[in-house]
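Before any comments, here is the structure.
Residue numbers (our numbering): 247 to 338.
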């Protein structure tokens with residue numbers, strides 16, 4: 247039972263990252279890795295797998311932070327940063 251729940255949650259994560267997409271013929275298909283968000287999701291997944299295999303403490307958190315830094319370097323976080331700036335400026 248636990249493995250089924252884990253696979254389901256993994257599928258939800260892969261779909262959210264754009265790695266798995268809907269396909270009417272086969273139900274699931276591989277997403278387009280030409281999209282930056284999908285590419286970053288794939289990089290994060292591979293980093294988690296490699297760091298976990300090497301028993302690195304905090305592999306998931308470290309992978310997320312690395313991918314955030316890459317996304318920031320590529321200029322993909324401008325919307326989130328402007329949202330946070332806007333929210334910080336308008337708090338009372």
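For glycine and all other residues, C-beta sits at the position ideal for the given N, C-alpha and C. Every value quoted in this text rests on a predicted model; they were computed, and no experiment measured them.
Element boundaries [alpha helix (DSSP H), containing residue i]
{"i": "residue 246", "result": "For the chain, the structure presents residues 247 to 338; residue 246 sits outside this window and is missing."}
Cβ separation of residue i and residue j, assumed to be a contact under 8 Å, to the nearest whole Å
{"i": "residue 284", "j": "residue 278", "result": "6 Å"}
Residue i - containing beta strand (DSSP E), residue span
{"i": "residue 275", "result": "273–276"}
{"i": "residue 267", "result": "266–269"}
Candidates the options: closest to residue i by CA position
{"i": "residue 316", "options": "266, 257, 282, 262", "result": "282"}
{"i": "residue 286", "options": "304, 249, 269, 265", "result": "265"}
{"i": "residue 274", "options": "258, 280, 289, 301", "result": "258"}
Beta carbon proximity, residue i to chain C, threshold 9 Å
{"i": "residue 262", "result": "Looking for chain C here will not work: only one protein chain is present."}
Cut-off 7 Å between Cβ atoms - residues of its own chain near residue i, not counting five sequence neighbours on either side
{"i": "residue 320", "result": "282"}
Proximal residues to residue i (C-beta, below 8 Å), its chain only, five neighbours per side dropped
{"i": "residue 323", "result": "314, 317"}
For the pair the region 284–301 and the region 309–322, tell me if three or more CB-CB distances fall below 8 Å.
With the cut-off at 8 Å, the region 284–301 and the region 309–322 touch.
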